[in-house]
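*Asks:* Shown below is the structure under consideration.
There are 2 protein chains.
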Amino acid sequence: MTGMTTAQRPTLEAVARRAGVSRATVSRVVNGSTTVAEPIRAAVHRAVAELGYVPNLAARSLVTQRTDSIALIMPEAATRVFSDDQVFPGIIRGVSQELEAADKQLVLMLAGSPAGRERVERYTTGRHVDGVLFASLHGADPLPARLARLGIPVVCSGRGLGDSPVPYVDVDHVGGVTRAVRYLIENGRRRIATIAGPQDMVAGIERLTGYRDTVATAGLPQLVAYGDFTRESGAAAMRQLLAAHPDLDAVFAASDLMAHAALRTLREAGRRVPEDVAVIGFDDIETAAYTEPSLTTVRQPILELGRAGTRQVLRIVAGESVEPALILPTELVLRASA
Amino acid sequence: MTGMTTAQRPTLEAVARRAGVSRATVSRVVNGSTTVAEPIRAAVHRAVAELGYVPNLAARSLVTQRTDSIALIMPEAATRVFSDDQVFPGIIRGVSQELEAADKQLVLMLAGSPAGRERVERYTTGRHVDGVLFASLHGADPLPARLARLGIPVVCSGRGLGDSPVPYVDVDHVGGVTRAVRYLIENGRRRIATIAGPQDMVAGIERLTGYRDTVATAGLPQLVAYGDFTRESGAAAMRQLLAAHPDLDAVFAASDLMAHAALRTLREAGRRVPEDVAVIGFDDIETAAYTEPSLTTVRQPILELGRAGTRQVLRIVAGESVEPALILPTELVLRASA
DNA sequence: CTCTTGCGAGAGAGCGCTCTCTCACCACCA
DNA sequence: TGGTGGTGAGAGAGCGCTCTCTCGCAAGAG
């Protein structure tokens, strides 16, 4: 029906005929069984090479019930919100590296519209992949837990909201923020504000918690404005903070993008950074080293987050059990802004 | 053998029994054939819903010879080089949107190591996907042409080097650069330098060509240093240019990242932008609006590049023929740096 | 020399689906 | 009434692979 002139691909059968053995033997050789005599194995390999045989994955899946592919699911918003930092590419690279090592395929699904969500659900519950990795979850998505209940291997990279029984990997948000805010305090800052992230994401919530606890412990006031991790929202929040607390002497922003915007907003307001106001961000995106002044920030190991999440999924797929939570360390990177 | 307690998924057979019809009829209903009487169709739909039936894609693929998935192949370097801009996420988003609309899956392959390349080749030539889209090709990769010769639908998003017969979509590099450099000339700049991109990529080559042709036409000197699109390389190239041509009064950088680094390097060298030296970049990444001063740049429609490439692949898959080249327009975005 | 043992290779039964072919059935016309 | 279409549904043959089961055969034991 289509105009495609597909050359007929050789099948196991063809290889078997050529090598003068049975299909079963070819299958054994192709799948690396050791119970095949050397000369026969060599003959099969030769036939495979001569014919350019490549196994038909669909046929294999049909009988093995495996697909050798893993789905990575991200809300499409993540690619927009983070369009300018390395979170999105970093996760993908990590996942990709780990899957490449395991010789599995990566099926990427950006769930944007409700239709897209429905599609993700249909695809994953239909067992078209061996396992599922969720990243950058917003709100309390019920899908991961539902998949887990169906017995489908699933892991969240970046913990989801709500106490679902789904294993996750995440970075140490609170620890990183605590170190950052303490650093500000130790350097004499007393009016420390924060530009918090979206409160429907664990990353947003925990970074705020880390801030609140640390300033409260030090007996300092909590000066909070909210953003959504983007520059635009960071600029607006910074203006708000300046209006409400003109005497602030430090800002912790829950993302580098927001910190970047804060830097510019502060300059526009005539404040010097770090002399008048110290600024610390979170993420350590590449841009952080190139802002004016360069940005002191909390580094999170994004690549490793993707890798670790993938490893956990693969372990579950392999029938192993995994720890319910894996927390990766964060680190305060000192530059010029604080 | 694995510890998985997979609930047995219902098959077509089960649905057929439940609805009291034959497998063939269920298949017709599921695939939307119109030749099924309404009451029977309803009964089948009810049975599907009650059983939670989801078709087994492997089984379907086996007989239809389709996989309903498309591979997007990028050199892994792209995710590193572009880690901080929107090219990588932008392409992916565009591809994803278009595939979602077509209800196809996206298989993402980042070809890093030679082993990874071999893997990509094995996977794509094995017809495990219906079509292939290459993005950000480096050098003269023979793989696209080889796939095309095998009859596999393939398109390059961002033209590859060498004159392969593979259809491609790309942006109007030369046109954009020409407009940028002309703009500099019209504003009285006479010592216009360029920080060129890597010369093993079409994007790098054509942007340099656009520069050379335009300054040559105006009878101006060609002041060239080379980078690889990254900030680091941009800073080095800028230093080189300043050393070799201290009297330069403008710089066109082949990427925004390099332009960004140039901005900082110029400041460090005591040059004012744009008073002493005008700077124009290429890409229009989000950061461009937040540099000091904000960056005048050539915008390329990245999202659309991904979408257009995907649409072409889908058309080839559908048996239609496509134009050998599709060029998307670029646009000069004026900000403060020039 | 016969019997067991064990190992390497083949036979064949599906995995779940699509699609062609066939057939039953119901008008409708001559 | 017999013939003729047309239409809707079922039967059944695979798609290419894996894997269990069976069997042949060589080697060692009795």
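As they're listed, the protein sequences go chains A and B. Here our numbering is used: the first residue of the first sequence is 1, the next is one more, and so on. Here our numbering is used: the first residue of the second sequence is 1001, the next is one more, and so on. Even for Gly, the Cβ is constructed at its ideal location relative to N, Cα and C.
1. Taking a contact to mean a Cβ-Cβ separation below 8 Å, would you say residue 1339/B touches residue 1319/B in this structure?
2. In chain A, which residues lie less than 8 Å from residue 1054/B when you measure between Cβ atoms?
3. Is there a Cβ of chain B sitting closer than 8 Å to that of residue 116/A, yes or no?
4. Would you call residue 329/A buried or exposed, if buried means 16 or more other Cβ atoms sit within 10 Å of its Cβ?
5. Closest Cβ-Cβ distance between residue 378/A and chain B: below 8 Å?
6. Please tell me whether residue 1273/B and residue 1293/B are closer than 8 Å, where the distance is taken between their beta carbons.
7. What is the DSSP secondary structure of residue 1131/B, reduced to helix, strand or coil?
8. Within 10 angstroms of the Cβ of residue 1035/B, are there 16 or more other Cβ atoms? Answer buried if so, exposed if not.
9. What is the rounded straight-line gap between the Cα of residue 327/A and the Cα of residue 199/A?
10. Below 8 Å, how does it come out for the stretch 1086-1094 of chain B and the stretch 1049-1060 of chain B: are there three or more Cβ pairs, yes or no?
11. According to DSSP, is residue 1121/B part of a helix, a strand, or is it coil?
12. With a threshold of 6 Å on Cβ separation, who are the neighbours of residue 1002/B within its own chain once the five nearest residues in sequence on each side are excluded?
13. Considering Cα atoms alone, identify which of 242/A, 296/A and 247/A is closest to residue 259/A.
14. Would you give the residue range spanned by the alpha helix (DSSP H) that residue 258/A belongs to?
15. Establish whether the CB of residue 35/A and some CB of chain B are separated by less than 8 Å.
16. Return helix, strand or coil for residue 1025/B, following the three-state DSSP convention.
17. Contact criterion: CB-CB distance below 8 Å. Does residue 1161/B meet it with respect to chain A?
18. Should the stretch 1311-1325 of chain B be regarded as contacting the stretch 1126-1136 of chain B, the criterion being three or more beta carbon pairs within less than 8 Å?
19. Decide if residue 1042/B is buried, meaning its Cβ has at least 16 other Cβ atoms within 10 Å, or exposed.
20. Can you find a CB in chain B that lies within less than 8 Å of the CB of residue 287/A?
21. Determine, using beta-carbon pairs with one atom in the stretch 101-120 of chain A and one in the stretch 161-170 of chain A, whether at least three such pairs fall under 8 Å.
22. Measuring only the C-alpha atoms, how far is residue 263/A from residue 1204/B?
23. Quick one: using the 10 Å Cβ neighbour count with 16 as the cut-off for buried, is residue 1020/B buried or exposed?
24. Would residue 308/A count as contacting chain B if we go by Cβ distances under 8 Å?
25. Could you check whether the Cβ of residue 100/A sits closer than 8 Å to any Cβ belonging to chain B?
26. To the nearest angstrom, how far is it from the Cα of residue 1016/B to the Cα of residue 63/A?
27. List the whole-angstrom C-beta distance separating residue 211/A from residue 252/A, where the pair is believed to meet the contact cut-off of C-beta under 8 Å.
28. Is it the case that the Cβ atoms of residue 231/A and residue 261/A are separated by a distance below 8 Å?
29. Run through the DSSP bridge pairs and tell me what residue 75/A is partnered with.
30. For residue 1252/B, report the span of its alpha helix (DSSP H) as first-last.
31. How big is the Cα-Cα spacing for residue 1033/B and residue 152/A?
32. Quick one: list the residues of chain B neighbouring residue 231/A, beta-carbon separation under 9 Å, in chain order.
33. Taking the alpha-carbon of residue 236/A as reference, which of 178/A, 288/A, 196/A and 69/A has the nearest alpha-carbon?
34. Which residue comes first and which comes last in the alpha helix (DSSP H) that contains residue 1232/B?
35. So, for residue 239/A: in the same chain, excluding its five sequence neighbours on each side, which residues have a beta-carbon less than 7 Å away from its beta-carbon?
36. For residue 47/A, which residues in chain B fall below 7 Å Cβ to Cβ?
*Replies:* So, from the listed chains and residues:
1. The requested residue 1339/B is not part of the displayed model; chain B covers only 1001 to 1338.
2. 122, 125, 126 and 127
3. yes
4. exposed
5. Summary: the structure shown does not reach residue 378/A, with chain A confined to residues 1 through 338, and so no result is reported for it.
6. yes
7. strand
8. exposed
9. 20 Å
10. no
11. helix
12. Any reading at residue 1002/B must be qualified, since the residue scores a pLDDT of 34, below 50, and its modelled position is unreliable; no value is offered.
13. 296/A
14. 256-268
15. no
16. helix
17. no
18. yes
19. exposed
20. yes
21. no
22. 33 Å
23. exposed
24. no
25. yes
26. 22 Å
27. 6 Å
28. yes
29. 111/A
30. Per DSSP, residue 1252/B belongs to no alpha helix (DSSP H); it is in the beta strand (DSSP E), 1250-1253.
31. 32 Å
32. 1286, 1287, 1289 and 1290
33. 196/A
34. 1231-1244
35. 265
36. Ordered by position in chain B, no residue passes the 7 Å Cβ test against residue 47/A, which lies about 17 Å from the chain.
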